[in-house]
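Line by line, the protein sequences are chains A and B. With full-length UniProt numbering as the guide, the letters of the first sequence map in order to residues 1 to 314. With full-length UniProt numbering as the guide, the letters of the second sequence map in order to residues 1 to 674. For glycine and all other residues, C-beta sits at the position ideal for the given N, C-alpha and C.
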Amino acid sequence: MVKRAWQNWLARRLPRDHQVQLNQRRIFILPSGYGVLYLVVALLLFLGGVNYENNLILALCFLMVSLFVMGILHTFRNLSGLTLRAGAARNGFVGGHGGLAVVLVSQGQPHRSVWLSWPGQDAQEVSLETGEEKAVWLNLALPRRGPVRPHRLRVESRYPLGLLRAWSLVALEHHCLAWPRPREDAPSPWDGSGGSGGTGRHGSEAFQGLRAYVLGDSLRQVDWKGYARGRGMNTKLFDAEEGERLWLGYDRLEGLPEEQRLALLCHWVLLLSEAGQPFGLRLPAMELAPGSGDEHRLRALDLLALHGNEGGQR
Amino acid sequence: MARLYQVPSHARPWLTAAILAISLPQLLRGPFWQVLLLLAILLWRALMDRQRAPLPGRWIRVLLLLGTVGGIYLSFGRLIGPEAGTALITSLFALKYLELVGRRDAYVLIIIGYFVCATILLFQQGFFVFLYVCLCLLLLTASLVGIHYNDSQARSRQHLGKAAVLLLQAVPLAVVLFVLVPRLPPLWNVHTDQSQARTGMSDTMAPGQVSNLAESSAIAFRVQFDGEVPPYRQRYWRGLTYSWFDGRTWSQARPDDWGDELTFYSGRGTPPLWYRDLLERASDRPYWGYQVIMAPSQRRWLYALNTPVPEFDGLVLARDRHLVATEPVTGNFRYRVRSYTGVPLTEPLASDQRALMLSLPEQGFPRARELAGQWRRQYQDDSALVSAALDWFGNEPFHYTLSPPAVGPDVVDGFLFNTRRGFCEHYASSFVVLMRAAGIPARVVGGYQGGEANPMGRHLLIRQYDAHAWAEVWLPGRGWVEVDPTAAVAPERVELGLRGSLSQAGEARLPGDGIGRLPVLFQLRQWADLLEFRWQSWVLGYDLERQNQWLSRWLGAVTPWRLAMLLLTLAALLVLVTALVMFRGRGPRSATPLTREYRRLARGLSRRGVRGAERLSAAQLCERIARRWPAAETPARTWREAFERLAYQQDTAPSIGALRTLRRQRRRLLKACR
Numbered sequence: 001m002v003k004r005a006w007q008n009w010l011a012r013r014l015p016r017d018h019q020v021q022l023n024q025r026r027i028f029i030l031p032s033g034y035g036v037l038y039l040v041v042a043l044l045l046f047l048g049g050v051n052y053e054n055n056l057i058l059a060l061c062f063l064m065v066s067l068f069v070m071g072i073l074h075t076f077r078n079l080s081g082l083t084l085r086a087g088a089a090r091n092g093f094v095g096g097h098g099g100l101a102v103v104l105v106s107q108g109q110p111h112r113s114v115w116l117s118w119p120g121q122d123a124q125e126v127s128l129e130t131g132e133e134k135a136v137w138l139n140l141a142l143p144r145r146g147p148v149r150p151h152r153l154r155v156e157s158r159y160p161l162g163l164l165r166a167w168s169l170v171a172l173e174h175h176c177l178a179w180p181r182p183r184e185d186a187p188s189p190w191d192g193s194g195g196s197g198g199t200g201r202h203g204s205e206a207f208q209g210l211r212a213y214v215l216g217d218s219l220r221q222v223d224w225k226g227y228a229r230g231r232g233m234n235t236k237l238f239d240a241e242e243g244e245r246l247w248l249g250y251d252r253l254e255g256l257p258e259e260q261r262l263a264l265l266c267h268w269v270l271l272l273s274e275a276g277q278p279f280g281l282r283l284p285a286m287e288l289a290p291g292s293g294d295e296h297r298l299r300a301l302d303l304l305a306l307h308g309n310e311g312g313q314r
Numbered sequence: 001m002a003r004l005y006q007v008p009s010h011a012r013p014w015l016t017a018a019i020l021a022i023s024l025p026q027l028l029r030g031p032f033w034q035v036l037l038l039l040a041i042l043l044w045r046a047l048m049d050r051q052r053a054p055l056p057g058r059w060i061r062v063l064l065l066l067g068t069v070g071g072i073y074l075s076f077g078r079l080i081g082p083e084a085g086t087a088l089i090t091s092l093f094a095l096k097y098l099e100l101v102g103r104r105d106a107y108v109l110i111i112i113g114y115f116v117c118a119t120i121l122l123f124q125q126g127f128f129v130f131l132y133v134c135l136c137l138l139l140l141t142a143s144l145v146g147i148h149y150n151d152s153q154a155r156s157r158q159h160l161g162k163a164a165v166l167l168l169q170a171v172p173l174a175v176v177l178f179v180l181v182p183r184l185p186p187l188w189n190v191h192t193d194q195s196q197a198r199t200g201m202s203d204t205m206a207p208g209q210v211s212n213l214a215e216s217s218a219i220a221f222r223v224q225f226d227g228e229v230p231p232y233r234q235r236y237w238r239g240l241t242y243s244w245f246d247g248r249t250w251s252q253a254r255p256d257d258w259g260d261e262l263t264f265y266s267g268r269g270t271p272p273l274w275y276r277d278l279l280e281r282a283s284d285r286p287y288w289g290y291q292v293i294m295a296p297s298q299r300r301w302l303y304a305l306n307t308p309v310p311e312f313d314g315l316v317l318a319r320d321r322h323l324v325a326t327e328p329v330t331g332n333f334r335y336r337v338r339s340y341t342g343v344p345l346t347e348p349l350a351s352d353q354r355a356l357m358l359s360l361p362e363q364g365f366p367r368a369r370e371l372a373g374q375w376r377r378q379y380q381d382d383s384a385l386v387s388a389a390l391d392w393f394g395n396e397p398f399h400y401t402l403s404p405p406a407v408g409p410d411v412v413d414g415f416l417f418n419t420r421r422g423f424c425e426h427y428a429s430s431f432v433v434l435m436r437a438a439g440i441p442a443r444v445v446g447g448y449q450g451g452e453a454n455p456m457g458r459h460l461l462i463r464q465y466d467a468h469a470w471a472e473v474w475l476p477g478r479g480w481v482e483v484d485p486t487a488a489v490a491p492e493r494v495e496l497g498l499r500g501s502l503s504q505a506g507e508a509r510l511p512g513d514g515i516g517r518l519p520v521l522f523q524l525r526q527w528a529d530l531l532e533f534r535w536q537s538w539v540l541g542y543d544l545e546r547q548n549q550w551l552s553r554w555l556g557a558v559t560p561w562r563l564a565m566l567l568l569t570l571a572a573l574l575v576l577v578t579a580l581v582m583f584r585g586r587g588p589r590s591a592t593p594l595t596r597e598y599r600r601l602a603r604g605l606s607r608r609g610v611r612g613a614e615r616l617s618a619a620q621l622c623e624r625i626a627r628r629w630p631a632a633e634t635p636a637r638t639w640r641e642a643f644e645r646l647a648y649q650q651d652t653a654p655s656i657g658a659l660r661t662l663r664r665q666r667r668r669l670l671k672a673c674r
């Protein structure tokens with residue numbers, strides 16, 4: 001009940017966004033445990049000063065208290081103005097970890113010893129100087145298939161005195177995709193007139209020529225001999241005939257539960273990509289034209305992850 | 001075991017310095033083994049930090065702890081009480097540094113450090129001591145900042161700067177708190193250790209006692225006059241009177257039947273006869289009004305010019321016109337006195353008092369008695385006899401010296417007829433003996449004479465070396481009259497003070513002498529004295545009463561409600577102002593360093609008559625410059641190239657070096673535009 005109210009309040013105050021700049025509405029500040037100890041020491045000094053009628057001990061006590069008060073301002077300022085932006089995502093398989101980058105941008109002032117963490121995780125510490133921009137990768141556990149959004153990110157800082165902690169709970173608009181975990185113990189879902197197995201096929205295709213290597217091309221199709229001769233990095237092009245295209249189809253796996261179908265498809269995507277075999281992917285709602293290479297593989301995996309999620313998220 | 005925590009190397013110097021600085025006052029005061037202990041700890045820790053030594057094992061730590069506690073007990077004979085307690089906590093604080101195994105320990109160490117800082121102030125409260133404690137605070141805060149900032153970019157200097165900023169910002173609020181937070185009366189009774197060395201006059205006077213004081217330049221008390229400062233030769237600060245002589249030592253005494261109620265008046269109850277008589281005679285006499293701040297002496301004697309009428313507040317007036325505090329003076333004690341001058345005190349001398357003031361030991365000093373008898377036969381009149389005695393001291397070859405030779409068994413005869421070299425107590429003592437032998441009631445007075453006037457404030461500084469002893473004789477019709485036999489021997493003692501008289505006599509150097517006489521240093525010393533004086537009266541003496549007095553001037557009636565409101569308002573105001581200064585110009589100043597650099601150039605050009613430069617591109621701007629000042633074409637091009645190179649490099653922010661170059665080129669360009 002209370003928790004729900006707190007979450008609602010947070011959602012109003014700190015709505016999910018692609019970019020969040022921390023300001024007084026978004027930063028909370030309270031004494032840390034050491035801050036309480038410090039105040040206890042100040043109180044002891046006050047009692048001592050009163051009892052010994054020692055004005056200087058009282059003065060020292062007041063100085064400590066004022067230092068604490070100024071510490072509030074400085075601790076607040078250390079976070080204030082910090083901009084957090086959703087960065088790139090590193091997707092992963094269900095049960096493993098993905099990664100999300102949070103980009104911190106400092107404008108006009110340094111932000112020192114800022115700790116970033118998701119609930120239940122060890123914090124990562126980062127310091128920014130004026131005008132600096134840093135990306136911090138945070139691991140995210142992927143418990144189930146599909147887009148996984150992290151909880152609110154805790155941004156905390158105790159700099160400079162450590163007597164106070166200022167924190168904010170930031171919800172950034174970003175997510176990781178959890179690919180299905182691959183499975184292999186079932187019929188092959190491929191569908192192509194070539195009909196042969198999935199491995200070692202590239203030799204049988206007609207060699208078409210070379211083009212300059214582009215990031216994402218499979219390394220297996222690089223013309224390594226030419227590269228060794230100093231002709232630069234080129235990718236060999238093969239002409240897969242229309243009839244020989246390989247299609248991985250969701251509907252070819254009838255009778256299996258949805259997640260198992262996806263797990264199998266995932267296995268084959270990985271297998272075929274490993275082999276450098278071009279393939280296409282047909283899902284009920286989407287289709288990926290045949291292709292090959294790392295980028296193609298990732299796109300296929302992402303489609304599998306997004307299956308059933310195409311409209312909204314989660 | 002988990003990896004040993006190490007204080008970040010950039011924070012370590014501050015932490016080490018803080019521990020040293022905080023321990024230093026205790027090391028100077030305490031037993032020597034504490035110095036060795038601290039050095040050993042610092043050395044071991046330094047080795048640990050360089051991986052050259054292991055963390056001391058549990059047994060070693062327990063042994064060190066027990067050894068420290070035992071050592072304190074052996075050195076001080078106890079574990080509680082301010083001295084022993086401070087020594088203990090200082091050493092334990094240092095020991096804690098040795099067993100720093102996690103960041104948590106570092107925090108605890110530093111926060112305890114704030115407490116240890118305060119113990120320094122238990123013993124010393126001068127202005128400079130407080131500054132020193134503030135320095136310790138700065139070092140501690142810098143360490144706190146340092147252990148907090150774990151980054152390879154962190155630099156030691158940054159921490160100190162941050163700590164200094166924090167502390168400076170904290171000062172105004174601390175001042176407000178100091179002035180406005182109500183001073184509570186002590187919650188429970190504490191007394192500083194009685195075993196502290198007592199300084200100042202003592203309740204007995206034996207040869208050599210006052211001259212011992214002459215070697216100390218410690219401050220005895222300070223006096224602030226309401227009006228003019230009396231001339232040097234009138235500054236006789238009476239402390240106590242000695243009436244009983246056992247042949248060697250003078251001590252305080254009063255006739256047997258004088259009870260406390262007859263001897264002392266505390267300002268409460270019906271005043272005794274002698275006090276009413278005193279007030280009556282003193283009325284419409286001129287007086288010096290002043291305030292005395294007594295330094296801690298651990299004794300009850302207070303000092304005032306003759307004839308004092310004090311404001312009764314923690315002190316009593318004795319019948320022989322000296323002041324006594326109701327408690328030993330352990331802190332700075334402040335009291336106000338009016339001293340009436342030329343009050344004729346014809347109080348008759350009661351017979352038992354007269355007997356006391358004439359008493360002499362049965363045996364001893366035959367030659368002095370003989371001389372007194374000879375004077376008695378010669379002079380009928382008492383005051384004539386006193387003058388004759390003073391003349392005798394002046395004419396015989398007496399010598400005023402701080403280091404008199406040993407006198408022998410008979411201190412009076414030996415001094416008067418053999419050595420003839422002595423300090424004021426010798427003169428006062430033997431003079432009173434002579435007077436009593438001649439039948440004139442007399443007593444020795446102990447106190448201070450003189451005092452250094454500070455021209456910047458109307459105050460006097462009386463140091464221990466101003467300690468003095470003189471005599472009082474009772475003359476019919478005039479009452480007690482002050483006589484200073486030292487003045488007959490060495491008039492300059494009374495005119496110039498001890499320093500003046502001794503330097504004329506070519507005596508040995510006194511503490512603080514020599515450099516204290518260079519004009520510049522003398523000036524500096526006077527400023528320092530004034531500072532200490534103000535510090536004493538404004539800061540140390542800011543008690544409940546003064547707080548009320550001061551606040552009622554601003555608030556009218558001082559009610560808790562008004563006080564709380566004022567405190568909160570002022571505190572909030574200060575925090576607000578600080579916040580405004582800190583966050584000033586933060587919002588729109590998202591301009592990059594390059595944009596700012598461009599604006600600076602545009603401002604410089606607009607001063608030279610090129611308007612609207614900010615709206616132009618770098619290329620247009622340079623074109624206009626070249627048209628207007630052909631000579632500036634080359635620097636303009638150089639600048640533009642540098643600027644554009646920085647502006648169009650996409651990925652990285654311009655480095656500081658590049659920006660500095662750009663700034664230099666802007667200056668050169670602006671210089672060429674003329």
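Contact set between residue i and chain B, taken where Cβ atoms lie within less than 7 Å
i             : result
residue 64/A  : 114
residue 106/A : Simply none; closest approach about 10 Å.
CA-to-CA distance, residue j to residue i, given in whole angstroms
i             : j             : result
residue 334/B : residue 54/B  : 55 Å
residue 507/B : residue 399/B : With a pLDDT of 45 at residue 507/B, under the threshold of 50, the predicted position of this residue should be treated as unreliable, though the coordinate-derived value follows. About 11 Å.
residue 103/B : residue 582/B : 29 Å
residue 139/B : residue 111/A : 23 Å
residue 438/B : residue 542/B : 52 Å
Classification of residue i by the beta-carbon crowding that lies within 10 angstroms, buried from 16 upward
i             : result
residue 521/B : exposed
residue 648/B : exposed
residue 86/B  : buried
residue 565/B : exposed
residue 459/B : buried
residue 196/A : In this prediction, residue 196/A has a pLDDT of 42, which is less than 50 and means its spatial position is unreliable; what the coordinates show is noted afterwards. Counting Cβ neighbours within 10 Å, residue 196/A comes out exposed, since fewer than 16 surround it.
residue 339/B : buried
Residue from the options whose Cα sits closest to the Cα of residue i
i             : options                    : result
residue 38/B  : 280/B, 95/B, 151/B         : 95/B
residue 137/B : 154/B, 148/B, 117/B, 121/B : 117/B
residue 33/B  : 71/B, 617/B, 597/B, 369/B  : 71/B
residue 273/A : 286/A, 248/A, 307/A, 261/A : 248/A
residue 381/B : 429/B, 474/B, 537/B        : 474/B
residue 482/B : 410/B, 441/B, 538/B        : 441/B
residue 131/A : 153/A, 108/A, 118/A, 48/A  : 108/A
residue 612/B : 470/B, 618/B, 602/B        : 602/B
residue 363/B : 546/B, 145/B, 433/B        : 433/B
Same chain only: Cβ atoms within 6 Å of residue i, ignoring 5 sequence neighbours per side
i             : result
residue 137/A : 99, 101
Residue i: contacting residues in chain B (beta-carbon distance under 9 Å)
i             : result
residue 125/A : 150, 151
Contact set for residue i: own chain, Cβ-Cβ below 7 Å, skip 5 residues either direction
i             : result
residue 461/B : 219, 222, 451, 452, 454, 529
Beta-carbon proximity list for residue i, same chain, < 8 Å, skipping 5 on both sides
i             : result
residue 144/A : 94, 178
Contacts of residue i in chain A (Cβ-Cβ under 7 Å)
i             : result
residue 539/B : 55
residue 169/B : 70
Beta-carbon neighbours of residue i, restricted to chain A and to distances below 8 Å
i             : result
residue 181/B : 58, 62
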